[in-house]
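> Protein chains in written order, with my numbering: chain L, 582 to 1016; chain B, 3 to 285.
Supplied in structure tokens, the structure appears directly below.
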Amino acid sequence: MKRILSVLCIVAMLLCLGGCNRMQDDGKASVYYLNFKPEQDDEWKALAKAYTDETGVEVTVVTAASGDYEDTLGAEIVKSNPPTLFQVNGPVGLSGWMDYCYDLSGSEVYTHLTDEDFALKEGDQVLGIAYVLETYGIIYNKSILDKYFALPDAQITSLNQVNNFESFKTLVTDIQSKKETLGIQGAFTSSGMDASSDWRFKTHLANLPIYYEYMENDITSTSAIKGTYLDHYRQVWDLYLNNATCAPTEIGAKTEDDAKNEFLNGQAVFYQNGTWAWDETMEEKLGADNVGMLPIYIGAEGEEAQGLCTGSENYWCVNKNASETDIQATLDFLNWVVTSETGTKTLAEDMGFVIPFENAQNSTNPLIKEAQSYLDAGKNPVSWSFSTIPSDQWKSGVGSALLAYAQGGATDDLWEMVKSSFVEGWKTEHDKANS
Amino acid sequence: MNKTLKRWFPIFLLPTLAAFLIGFVVPFFIGLYLSFCEYGTVENATFVGFANYVRVFTADSQFWYSFGFTALFTLVSVVLINVIAFAVALGLTRGIRGTNFFRTVFFMPNLIGGIVLGYIWKMIINYGVLIPLFGKDLSYSTAYGFWGLVLVVAWQQIGYMMIIYISGLQSVPEEQIEAAKIDGAGWWQTLRSVTLPMVMPSITICTFLTLTNSFKLFDQNLALTDGKPFRTTEMLAMCIRNTYGTTPKSHGTAQAMAVVFFLIVAIIALLQLRSTKEKEVQQ
Chain L
582 MKRILSVLCI
592 VAMLLCLGGC
602 NRMQDDGKAS
612 VYYLNFKPEQ
622 DDEWKALAKA
632 YTDETGVEVT
642 VVTAASGDYE
652 DTLGAEIVKS
662 NPPTLFQVNG
672 PVGLSGWMDY
682 CYDLSGSEVY
692 THLTDEDFAL
702 KEGDQVLGIA
712 YVLETYGIIY
722 NKSILDKYFA
732 LPDAQITSLN
742 QVNNFESFKT
752 LVTDIQSKKE
762 TLGIQGAFTS
772 SGMDASSDWR
782 FKTHLANLPI
792 YYEYMENDIT
802 STSAIKGTYL
812 DHYRQVWDLY
822 LNNATCAPTE
832 IGAKTEDDAK
842 NEFLNGQAVF
852 YQNGTWAWDE
862 TMEEKLGADN
872 VGMLPIYIGA
882 EGEEAQGLCT
892 GSENYWCVNK
902 NASETDIQAT
912 LDFLNWVVTS
922 ETGTKTLAED
932 MGFVIPFENA
942 QNSTNPLIKE
952 AQSYLDAGKN
962 PVSWSFSTIP
972 SDQWKSGVGS
982 ALLAYAQGGA
992 TDDLWEMVKS
1002 SFVEGWKTEH
1012 DKANS
Chain B
3 MNKTLKRWFP
13 IFLLPTLAAF
23 LIGFVVPFFI
33 GLYLSFCEYG
43 TVENATFVGF
53 ANYVRVFTAD
63 SQFWYSFGFT
73 ALFTLVSVVL
83 INVIAFAVAL
93 GLTRGIRGTN
103 FFRTVFFMPN
113 LIGGIVLGYI
123 WKMIINYGVL
133 IPLFGKDLSY
143 STAYGFWGLV
153 LVVAWQQIGY
163 MMIIYISGLQ
173 SVPEEQIEAA
183 KIDGAGWWQT
193 LRSVTLPMVM
203 PSITICTFLT
213 LTNSFKLFDQ
223 NLALTDGKPF
233 RTTEMLAMCI
243 RNTYGTTPKS
253 HGTAQAMAVV
263 FFLIVAIIAL
273 LQLRSTKEKE
283 VQQ
């Protein structure tokens, strides 16, 4: 009996060792994609399977847990079979992975990009290619707005009258003052500063003062921000705080789900978020005809021509340390994804992506259609300047200050703290990363 | 029987030993090496000597702030947890009705994972206490966060320590207590001069566990306060994780912090073990 047991133990151990060996490279071309977006895990796997069925080249898709991408990539890329395809979130993210990025300037997939701006470049090299464009702004509930416009004493009667901060503020405060009549709890959903929601303000809303400062100085990144548009940032933040479903002091505990539920249940009209917020629940609760998106006006000069904030935080990079055959297989796969009928259809319909490639198909997402209509109307899209934010510590500093400002009664002294974490924090974090 | 055991034991030891080597010893030494490097991934590390350590000791005020905060937290929670756990253990060794039921109930919080616990308590504290009473939540002040953490950790660990104290109390010989009583010792005197010295081994274990647990606390910290407000409730483990960042330099700095952190915990734990061990008596 004992002998059998020990034999079993040995067999079990050998099996384990054998299992580790199974992963060895067999020289056949294969693709290993370390996917960033957990919500599209199934779709990517299906697409990979379709490609394997068509060409016989094996494509493995592994998805990192939400918020763990950098760590997972760091661990995976030093293995004997590293990802051949991974992604970075922009210029700051790229700087950490530069040593691993294959120059894509000669690849076919690069030639299909609709605009060179969607590539991440370093000198003459193309190290990353954006594969999805996303747009954010202030999502609104059409039916409640219509109800408001129909009120006899409404100060604004159509969205055509809203084209800058002043008019938007009039609209918001008027809705807030008539919230009982409209049967809502507030004009804005709660501006939650819980970790699930604070990125909407410390990153996405902060993009606007950064963007306008860059525009004014005609630059695309900086080592020291001046904070020229911080007063504008403050007036938008005040608007969000004072016309919401909850008191400003309560936002510390509010989550992303809280805001989303308030919007879905028709308790608020406005909800700052992006095209990714459209999902089955929103379709079911509100319907595709019932949502639209407004630009985030901050009161900057000439903002009447401002559109929505469109950009990408998702860039494909090919691992240059992979074998020659695997690199080629990866490039072929990428090319197939953005040019073939199956690939573009899956990206547009199943994943709901707008892709910056020639063969892109129309997405079914109404918020994306909305973004397109702003472009068609000739409005200037606001680029995602937040991808040049020096570090996550900067974001959390600004986030903490925004929260303290809300909790402490929105005083000038507290706003000084936002200013210092915005301006001085930028310099500190930038120096830390680049000294 | 003994002979076969001797002949075969390496095979049975091998899996555990291999796991220990792969999962602990090797990463420990790689980590030690990396603390002297700037690195993106473990394979492209460049050796920079003591530069990371210099940064930890001179440039990074957050690390030392977190150290102070963690030390204070540890002090408060070690005292609180051990005193309450001991008191509960005393109460539940007196043979009152439902003793087993209460022991189970007190032990149960320990079975819940730290992250889940943190989020649940965050809701209870925010929506049950702070918002109704003060209109503020945990992220409002450092003091809220501090006491919130103490509360959660105490709630979680008291039951576990209680079990250890109960077993210690049950091993105190009945005769000695009786002898003390006959000699005219009161309840307090008996407790101080007979019971306490006899349960010293349990106290050693419990203070060791609570001390190291508190120092290394991460899950509850992340879930409950996430360092808010302004990184003032950020404890050491979380400070290291937040320092790690995305650049080779920040990776190196965080790694050096981790080594310093290890040394601090090891030294404090050893000192504590020695000082409480000295007070233990032989039965």
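Note that the Cβ used here is the ideal one computed from N, Cα and C, for glycine as well.
Note that the structure is predicted; figures quoted are calculated from it, not measured.
1) Measure the alpha-carbon distance for B:ILE269 versus B:ALA182 and round it to whole angstroms.
2) Name the residue from B:LYS218, B:THR18, B:ARG243 and B:TYR55 whose alpha carbon lies nearest to the alpha carbon of B:SER79.
3) Using a Cβ-Cβ cut-off of 8 Å, state whether L:MET874 counts as contacting chain B.
4) With DSSP as the reference, label L:GLN757 as helix, strand or coil.
5) According to DSSP, what are the bridge partners of B:LYS218?
6) Closer than 7 Å by beta-carbon distance: list the chain L residues that pair up with B:SER63, in chain order.
7) On a CA-only basis, which of B:PRO17, B:ALA89 and B:SER252 is nearest B:TRP1? Give me that one, please.
8) Under a Cβ-count criterion, where at least 16 other Cβ atoms within 10 Å of its own Cβ denotes burial, should L:ARG603 be classed as buried or exposed?
9) By Cβ distance below 8 Å, which residues in the same chain neighbour L:SER739 in space, the five residues on each side in sequence not counted?
10) When DSSP builds the beta bridges, which residues end up paired with L:SER611?
11) How close, in whole Å, do the beta carbons of L:TYR721 and L:GLY873 come, if the pair is a contact with beta carbons under 8 Å?
12) Name the DSSP beta bridge partners of L:GLN887, please?
13) For chain L, find out if any of its Cβ atoms is closer than 8 Å to the Cβ of B:SER173; answer yes or no.
14) Any idea what DSSP makes of L:ASN1015, helix, strand or coil?
15) Can you tell me which of L:GLN668, L:SER981 and L:ALA825 puts its alpha carbon nearest to the alpha carbon of B:PHE232?
16) Thinking C-beta only, is L:LEU615 closer than 8 Å to L:GLU651?
17) As a quick exercise: from L:PRO937, L:LEU912 and L:SER944, pick the residue whose alpha carbon is nearest that of L:LYS926.
18) Can you pull the chain L neighbours of B:ILE133, defined as C-beta to C-beta under 9 Å?
19) Using C-beta distances below 6 Å, list every residue in its chain close to L:LYS618, excluding the 5 sequence neighbours before and after it, in chain order.
20) I need the boundaries of the beta strand (DSSP E) containing L:PHE967, first residue and last residue.
21) Measure from the C-beta of L:MET932 to each C-beta in chain B and report whether the shortest distance is under 8 Å.
22) Enumerate in chain order the residues of its own chain whose CB-to-CB distance from B:PHE69 is below 7 Å, with the five nearest sequence positions on each side excluded.
23) Would you decide whether L:TYR683 is buried or exposed? Buried here means 16 or more other CB atoms lie within 10 Å of its CB.
24) Determine the direct distance from the alpha carbon of L:GLU747 to that of B:ALA256, and round the result to whole angstroms.
25) Give me the chain L residues within the contact set of B:MET232, using Cβ-Cβ distance strictly less than 8 Å, ordered along the chain.
26) Would you kindly work out how many angstroms separate the C-alpha atoms of B:ILE127 and B:THR48, rounded to a whole number?
27) Identify which residue in B:THR101, B:LEU273, B:ILE117 and B:PHE31 has its Cα closest to the Cα of B:GLN222.
28) Assuming L:THR856 and L:ASN946 make a contact with CB atoms under 8 Å, what is their CB distance in whole Å?
29) Would B:LEU213 be called buried (16 or more neighbouring beta carbons within 10 Å of its own) or exposed?
30) Counting only beta-carbon atoms, is L:GLY773 nearer than 8 Å to chain B?
31) So the beta strand (DSSP E) L:ILE710 belongs to, where does it begin and stop?
32) Classify L:THR801: buried if its beta carbon has 16 or more other beta carbons within 10 angstroms, exposed otherwise.
33) L:GLY523 to B:PHE52, Cα distance in whole Å?
34) Output yes if chain B places a C-beta closer than 8 Å to the C-beta of L:ILE658; else output no.
35) May I ask you to verify whether the region 849-866 of chain L touches the region 758-775 of chain L, counting CB pairs closer than 8 Å and requiring at least 3?
36) Can you list the residues of chain L that B:ASN46 reaches, using a CB-CB cut of under 7 Å?
Let me spell this out:
1) Each residue's Cα considered, the two are about 38 Å apart.
2) Just measuring C-alpha positions, the residue of B:LYS218, B:THR18, B:ARG243 and B:TYR55 sitting nearest B:SER79 is B:LYS218.
3) Taking 8 Å as the threshold, the shortest C-beta distance from L:MET874 to chain B does not fall below it.
4) Under the three-state reduction of DSSP output, L:GLN757 falls in the helix class.
5) Residue pairing from DSSP leaves B:LYS218 without any beta-bridge partner.
6) Simply none; closest approach about 11 Å.
7) In this structure chain B extends from 3 to 285, so residue 1 of chain B is not present and cannot be described.
8) Note that L:ARG603 scores 43 on pLDDT, short of 50, meaning its location in the model is unreliable; the coordinates nonetheless yield the value given after this. Counting Cβ neighbours within 10 Å, L:ARG603 comes out exposed, since fewer than 16 surround it.
9) Closer than 8 Å at the Cβ level, and outside the excluded window around L:SER739, lie PHE730.
10) Under DSSP, L:SER611 takes part in a beta bridge, and its partners are L:GLU639.
11) Sure, about 6 Å apart at Cβ, within 8 Å.
12) According to DSSP, L:GLN887 bridges with L:ASN961.
13) Answer no: the Cβ-Cβ gap between B:SER173 and chain L never drops below 8 Å.
14) Annotated three-state conformation of L:ASN1015 is helix, per DSSP.
15) Nearest option by C-alpha distance: L:SER981.
16) Result no, Cβ atoms of L:GLU651 and L:LEU615 do not sit closer than 8 Å.
17) Among L:PRO937, L:LEU912 and L:SER944, the Cα nearest to that of L:LYS926 belongs to L:SER944.
18) What B:ILE133 touches in chain L: THR830, GLU831 and ALA834.
19) Here the set comprises nothing.
20) Taken as a continuous stretch (DSSP letters only), L:PHE967 belongs to no beta strand (DSSP E), as it is neither H nor E.
21) So no, L:MET932 is outside the interface.
22) Cβ within range, chain order: LEU238.
23) Counting of Cβ neighbours within 10 angstroms places L:TYR683 among the buried residues, the total reaching 16 or more.
24) When rounded, the distance between both Cα atoms is 46 Å.
25) Just to set this straight, residue 232 of chain B is Phe in the shown sequence, not Met. In chain order: GLY978, SER981, ALA982 and ALA985.
26) Distance between the alpha carbons of B:ILE127 and B:THR48 is about 46 Å.
27) It is B:ILE117.
28) Correct: roughly 6 Å between the Cβ atoms.
29) It counts as buried.
30) No, L:GLY773 lies away from the interface with chain B (no Cβ there is under 8 Å from its Cβ).
31) Membership of L:ILE710 in the beta strand (DSSP E) is indicated by the continuous run 706-711.
32) Only exposed fits L:THR801, as fewer than 16 other CB atoms lie within 10 angstroms of its CB.
33) Because residue 523 of chain L is not part of the residues shown, which for chain L are 582 to 1016, the question remains open.
34) Against chain B, the CB of L:ILE658 has a partner CB under 8 Å away; the residue lies at that interface.
35) Contact between the region 849-866 of chain L and the region 758-775 of chain L is present: three or more C-beta pairs spanning the two stretches fall below 8 Å.
36) Neighbours of B:ASN46 on chain L, chain order: ASP680.
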